[in-house]
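Chemist: For the sequence shown, my numbering begins at 350 and goes up steadily by one. Sharing a structure with you now.
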Amino acid sequence: MSMEKIKKGDTVKVIAGKDKDKESKVIAVDKKNGRVYVEGVNMVTKHTKPSAANQNGGIVHQEGPIDASNVMYVHKGKATRVGIKMDGDKKVRYAKSTGEVID
Numbered sequence: 350m351s352m353e354k355i356k357k358g359d360t361v362k363v364i365a366g367k368d369k370d371k372e373s374k375v376i377a378v379d380k381k382n383g384r385v386y387v388e389g390v391n392m393v394t395k396h397t398k399p400s401a402a403n404q405n406g407g408i409v410h411q412e413g414p415i416d417a418s419n420v421m422y423v424h425k426g427k428a429t430r431v432g433i434k435m436d437g438d439k440k441v442r443y444a445k446s447t448g449e450v451i452d
């Protein structure tokens with residue numbers, strides 16, 4: 350999947366895996382590995398040592414990455430595929446269900 354289709358800040362719906370049907374916001378995109386981090390999805394437990402940032406250390410719950418192919422962009426409350434087309438001399442994303450330009 351082309352990684353320019355899902356961007357940080359997009360609202361997405363998870364379509365596969367243990368968190369299927371959850372809708373949330375993308376907090377990070379890993380273009381190199383084709384993975385996305387979605388708020389509240391694929392929560393993992395990490396054991397941390399004490400550091401300057403975290404004085405006590407301990408157990409931290411954070412989002413794990415999920416494959417970009419397992420999420421769909423949400424446009425006007427419905428999950429839709431995203432396409433890319435030329436608008437003049439500029440590439441734009443558009444919702445394939447409605448044909449409307451996203452950004």
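Even glycine gets a Cβ: it sits at the ideal position worked out from N, Cα and C. Fair warning: this is a prediction, and the values are worked out from it, not measured in the lab.
1. Nearest CA to the CA of residue 409: which residue from 424, 418, 401 and 392?
2. So residue 361 and residue 387 are supposed to be a Cβ contact under 8 Å. How far apart are they, rounded?
3. Alpha carbon to alpha carbon, how far is residue 385 from residue 434? Give it in angstroms, no decimals.
4. Where does residue 418 sit, in a helix, a strand or coil, going by DSSP?
5. In whole angstroms, what is the alpha-carbon distance linking residue 373 and residue 430?
6. Select from 390, 411 and 389 the residue whose C-alpha is nearest the C-alpha of residue 396.
7. Apply the 10 Å Cβ neighbour rule to residue 419 and answer buried if 16 or more other Cβ atoms are within range, or exposed otherwise.
Modeler: Reading it off the structure:
1. The candidate whose alpha carbon is nearest that of residue 409 is 392.
2. Contact flag correct, Cβ pair sits at about 6 Å.
3. The straight-line gap separating the alpha-carbon atoms of residue 434 and residue 385 is approximately 23 Å.
4. The DSSP-derived three-state label of residue 418 is helix.
5. Taking the straight line from one Cα to the other gives about 16 Å.
6. Nearest Cα to residue 396 within the set 390, 411 and 389: 411.
7. Buried is the call here.
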